[in-house]
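Written below as structure tokens is the structure these notes are about.
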Amino acid sequence: MIQIVDCIVDWHDSWLVVVAGLVCLLASYTSFSLLRHAKTEEFWQRSFWLAAAAVTMGSGVWATHFVAMLAYKAPWPIGYDVPLTALSAVIAIGISGVGLWLALNGIYALGGAIAGAAIASMHYTGMVALEGAFQIDWDGGYVVASVAIGVALSTLAFHLLPRARGARDRALVVVLFALAICGLHFTAMAAATLSFDPLGSPAGASSLERQSMAVAVAAVAALLLGALEAERLRRHVTKMEATQRALQVTTNNLSMALEAAAASSQAKSQFLATMSHELRTPLNAILGFSELMKIESFGPIGNTRYAEYVADIHDSGTHLLSLINDVLDFSKAEAGHLELHEEVLDVQDILAESVRLVSPGAREAGIEIAMALPTVAPSVLADRRRLKQIALNLLSNALKFTPTGGKVSVRLSFTNGGVEIVFTDSGIGMTADQIEVALEAFGQVDNQLNRKHEGTGLGLPLCHRFAELHGGSLSIESTPCKGTSITVRLPAKRVLQSGRRDIPRLNLVPGAVLPIAFADFPQSSHRTLSSRR
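Going by my numbering, 820 is the number at position 55 of the sequence shown; the sequence numbering is gapless.
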């Protein structure tokens, strides 16, 4: 052991010894990485990666040997026989390939022993290739020890290879095989004694000089670095391909889901349109005949109870027709076919008319309605029917969810050049989660099994869509057991300014609140319009 250390310290350049060790580690790491990759491939690709691993391992052993030989401080010039030097590389690659093939097929220990034999064969063939005015005397004990070290450490490295799962285990395998290469080489160098021989074979024309050998070794080192970079790129490409496949699967699933959703939506819209048409035809007949009976066109009905029944039939039919119209409107809105029929109108008139229509229901429920209007109200470009639907739906909702003795208010203002209509009630209110449900199509705030309020759940979603179609918005603020405030905003581009741009806003102060006395409105046969939250 001391002789080996003395050989390294006294007869070798320390820096080149370090370089030899690094080349050895690089070759070991790259060859085992390529071998692991070969296990995951099909036959032809497996053969390619096995060959790449064999070339990398054999070239690494060869490069380590000759870098270490360049580090050797020989007392006489040394040359290298080209054929034998080339043969040593072929031996290293070929025998290493056999060992790797055995390991690839699960025979790890034998594969490691053969790889160790490849190291020994390459080394001693390379030593025979030395040329110069010297002769080499060998110490048989160290020769045997060098081969034993190389074969034993190589066998141990290959034996641990299938158990190397983590980075630490793989690093141990790489280090053991690198020690097998370096241990064999420097033990063998300790076994060799060079003595001057004037009759020895001097380096001839066919010999490689020290500089040429350095170039050859540098080329092999570049090959190893290239193999390492190829392995890194291979891993990157494999990862990218796996990601691409996963994305493709996800994309295909999403496409199928979108197609299924589109088909389902189209079928639903077609069903709603067809059913609505089929329902409206007999419903119009019911409304028409009930209207004739209500006004007793062909003579008196007789019993007053029958007249009340006819009125109920007519009112129920009107309510059912409004539900069908809501379903049709929502179906059109979902399909993007809902269009606005815009005209210049007065928002105050629409609000006043809407309040007048719901006032009988408010009077029956004992609920007060109040309006707050600005002193100056410019005209607005909007769809009269849709704007009135918004007002009626929100007023009906407010009345439906406000208990007796409560209050509903409507406030109109022109803020930042746009229109702002606020519908406020002192009703049951909603939680944040209930607000989200209420804005969904067919969403019901009430428990489905214990509902206190009628409705399809289309009122608020339709109002929301109508506001968005106008380029505006609908927002809700609500507190359970205290009430709800719904704000509808229309953008400034829909306000037709006349005179001043600054429109005074009328706040809800006692002088500005205009209570709607139920006596101010004539008796009407209209029932409260039932809108859904």
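Yeah, the Cβ is synthetic: ideal placement off N, Cα and C, and Gly gets one too.
Query: Boundaries of the alpha helix (DSSP H) in which residue 1165 is found, first to last residue; Result: 1149-1165
Query: Contact check, residue 1255 vs residue 1183, beta carbons under 8 Å; Result: yes
Query: Rounded distance between the beta-carbons of residue 908 and residue 953, thought under 8 Å; Result: 7 Å
Query: Those residues which DSSP pairs with residue 1249 across a bridge; Result: 1190, 1243
Query: Straight-line Cα distance separating residue 932 from residue 831; Result: 30 Å
Query: Between the CA atoms of residue 810 and residue 1005 - distance to the nearest angstrom; Result: 19 Å
Query: Terminal residues of the alpha helix (DSSP H) in which residue 797 lies; Result: 779-804
Query: Host alpha helix (DSSP H) of residue 948 (start-end); Result: 932-956
Query: From 925, 937, 917, residue whose alpha carbon lies closest to that of residue 719; Result: Nothing about residue 719 can be reported from this structure: the residues present for the chain run from 766 to 1298 only.
Query: Reduced DSSP secondary structure (H/G/I, E/B, other) of residue 1134; Result: strand
Query: Exposed unless 16 or more other CB atoms sit within 10 angstroms - verdict on residue 1193; Result: buried
Query: CB-CB length for residue 1123 against residue 1160, believed under 8 Å; Result: 5 Å
Query: Boundaries (first-last residue) of the beta strand (DSSP E) holding residue 845; Result: 844-846
Query: Contacts around residue 867, its chain only, beta-carbon distance under 7 Å, and the 5 residues preceding and following it disregarded; Result: 875, 876, 879
Query: Straight-line Cα distance separating residue 1230 from residue 1276; Result: Per-residue confidence for residue 1276 stands at a pLDDT of 32, beneath the threshold of 50, marking its modelled position as unreliable; the derived number appears in the next sentence. Using only the alpha carbons, I get a separation of about 34 Å.
Query: Rounded separation between residue 852 and residue 885 - CA only; Result: 13 Å
Query: Whole-number beta carbon distance between residue 1120 and residue 1175, since they are thought to touch under 8 Å; Result: 7 Å
Query: Helix, strand or coil at residue 1094 [DSSP, three-state]; Result: helix
Query: Alpha-carbon spacing of residue 1033 relative to residue 1023, whole angstroms; Result: 15 Å
Query: Close-in-space but distant-in-sequence residues of the same chain around residue 1171 (CB under 7 Å, 5 per side omitted); Result: 1132, 1190, 1191, 1192
Query: For residue 938 and residue 818, the rounded distance between their alpha carbons; Result: 15 Å
Query: Same chain, Cβ closer than 6 Å to residue 1233, neighbours up to 5 away in sequence not counted; Result: none
Query: Contacting residues, own chain, Cβ-Cβ under 7 Å from residue 1240 (five flanking each side not counted); Result: 1252
Query: Cβ contact check for the stretch 1134-1148 and the stretch 1102-1119: 3 or more pairs under 8 Å; Result: yes
Query: Minimum C-alpha distance to residue 934 - residue among 922, 1134, 1152, 944; Result: 922
Query: Beta-carbon proximity check, residue 802 vs residue 873, cutoff 8 Å; Result: no
Query: Counted within 10 angstroms of its Cβ, other Cβ atoms place residue 961 as buried (16 or more) or exposed; Result: exposed
Query: Whether residue 1173 touches residue 1134 by CB criterion (8 Å); Result: yes
Query: Contact under 8 Å by Cβ, residue 826 with residue 883; Result: yes
Query: From 1096, 1142, 1154, 807, residue whose alpha carbon lies closest to that of residue 1113; Result: 1142
Query: Option in 1073, 892, 1018 with minimal Cα separation from residue 958; Result: 892
Query: Strand pairing of residue 1179, partner residues [DSSP]; Result: 1184
Query: Inter-residue CB distance, residue 824 and residue 881 (contact presumed, cutoff 8 Å); Result: Actually they do not touch by this definition, with Cβ atoms about 17 Å apart.
Query: Three-state class that DSSP yields for residue 1059 in the structure shown; Result: helix
Query: Residue 903 in three-state terms, based on DSSP; Result: strand
Query: Residue 1164 beta carbon less than 8 Å from that of residue 1203; Result: no
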